[in-house]
Amino acid sequence: MRDLVEAWYVEGASAESDAAELVERLAGWLDPVQRLTVERLFAGWRAMFPPGAAVKVDLEPEAGSVFDHDRRVELRVSPTVGFTNPDGSIERVRLRTGRSATGPDDAAVLHTADPDVIHVDAMVSVGVAEEIPPPDDVSTRIRQLLDLATRNRDTALVPGLWCFGCDSAARCGHYPITAAGGRVYVSTRSITVSKTHLGHLDVCHRRVAWDRVHQLPTDIDGDVELRDGLAAGLRFHELAAAAILADDAPEVVDAASGEISPSEAAELRRMWDNHLRLWETDGRPRARRVEHPAGVTLLVPGVHVDSRGRESTQPVAVTFIGVLDVTGREPDGTPMVVEHRTGRSGEHAPLEAELYAVAAWTSIEASTGRPPDAVAVHLHHLGPEPPECHRQVFDRPRIESALEELRVAASTIAAWHPHDSLSPSWTAGPWCAGCRHRPLCETFR
Ligand code: SF4
């Protein structure tokens, strides 16, 4: 996209035929799906910023930069294109091919560095240009960012949902490489896969590949209003994360219930009470962590394409990450993982329990230097009356067979060609209703 945008201005192109020729020349090597995607994004850019003789274009605009000279630190955010308007005002535009706008930290840097410039996000997938507003707490954010940049780098890692988008997930050590070994280098192709993607892999490879390997922008807006059941589930997970380890859990439940409608509060309390009932039935386990991201990295042979387009088979790092709702110990000391299920499904998704068990096992082995004898995975199904607990115990043989199943999944994922989004198979079915790639997928069946 950046190449296309640059060529569009450098070559003084303006007609639609020019755009088509540029796409052919610069993006003609892409597979048909990625090419169509790029064509659409480029059309989004042209609709927002048509060439205008009165506007001066800067293809190497100055980055927004904030220095702390004493601590020798620089915060830097780069725009894609700059425009100087006839009235002298300057716009610096950031090309955004995904759904997210510039976040408040980057916005704070841009506005601190260049308060007189108009900073703009070009959301090319929807053809909308939006001014990036300064956050309310610009100076606090800048101070925190500088402190963070100069912190002691020996401090512990802070895993979280951000791990799913982190290029270093396979290398940082929080998602350890399995006992089979191997080493992940910066140049190793790395793919991060969530528990949800593992479930999708069971029915449709294309859906997982387009999300995690080809990273195609999705056509369906993700900000749709949450269905009642889903919203209730999210509310319960938020409450559980705040209340399970709290000394004053009843107050936390009261506070959460006071912020929602009476019927929503009644449902939230019903699920919390069911959680407490299952906790009693399980013999009052000891909870240690909530919402804990854990997982494992497997190195498997896969497709590697170098910068000259040459293909080879090389180790690919596939990192599986699950967010464990609760971890702790059963009354007899067996390590346990609890998954809260608030919806209708009373079963684990494919490989879900296996991933949780392997994640907990690996995490214990990495932190204590010794593998546990067994790990218990509890599925707490809070929807029905009475609530149900489905417990599975993974000893070493079961962990090894779970790892083998994850290795098969990792090998499937690593074999998808990174430059050919039509290489993974697709399987249509009722699950397509919830798939955000549906419109594009239907075009290429
Ligand atoms: S729409 Fe259906 S077939 Fe297409 S990628 Fe999604 S789940 Fe697969």
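Per the working numbering, residue 165 is the first one in the sequence shown, and the count goes up by one each step. Quick reminder that beta carbons are idealized off the backbone N, C-alpha and C, glycines included. Remember, it's a predicted structure, so these values are computed and weren't measured experimentally.
Is A396 close to ligand 1? I mean its beta-carbon at under 6 Å from any heavy atom of the ligand. no
Please confirm if the segment 295-302 is in contact with the segment 259-271, defined as three or more CB-CB distances below 8 Å between the two stretches. yes
Taking 5 Å as the limit, tell me which residues put their C-beta closer than that to any heavy atom of ligand 1, in chain order. C368, R370, R371, W590, A592, C596, C599, H601, R602 and C605
Using the Cα positions of T514 and G459, report the straight-line distance between them to the nearest angstrom. The amino acid occupying residue 514 in the given sequence is Pro; Thr does not appear at that position. Each residue's Cα considered, the two are about 16 Å apart.
Beta-carbon separation of A566 and A538 under 7 Å? no
Does R474 pass the burial test, meaning 16 or more other C-beta atoms within 10 Å, or should it be called exposed? exposed
With burial defined as no fewer than 16 other Cβ atoms inside 10 Å of the residue's Cβ, what is the status of L432: buried or exposed? Buried: at least 16 other Cβ atoms inside 10 Å.
Pull up the distance between the alpha-carbon of R166 and that of E494, whole angstroms please. 54 Å
Could you pull the DSSP bridge partners for F558 from this structure? V539
Where E494 sits in the DSSP three-state scheme: coil
Would you mind sorting D137 into buried or exposed? The rule is 16 or more other CB atoms within 10 Å of its CB. Residue 137 is absent from the model: the chain starts at 165 and stops at 609.
On the three-state DSSP scale, how would you describe I563? It is helical.
Could you tell me the boundaries of the beta strand (DSSP E) in which G246 lies? V245 to T248
Measuring CB to CB, does V273 end up less than 7 Å from V241? yes
Consult DSSP for V388 and reduce its assignment to one of helix, strand or coil. For V388, the predicted model reports a pLDDT of 41, less than 50, meaning its position is unreliable and no value from the coordinates is stated.
Rounding to the nearest angstrom, what Cα-Cα distance links L586 and L186 in this structure? So the alpha carbons of these two residues sit roughly 23 Å apart.
Using a 10 Å radius around the Cβ and a threshold of 16 neighbouring Cβ atoms, would you call R505 buried or exposed? The residue is buried, with at least 16 neighbouring Cβ atoms inside 10 Å.
Per DSSP, R450 forms a beta bridge with which residues? R450 pairs with R493.
Once the 5 residues before and after I341 are set aside, which same chain residues still bring their CB inside 6 Å of it? T461
With DSSP collapsed to three states, give me the class of T201. T201 falls in the helix class under three-state DSSP.
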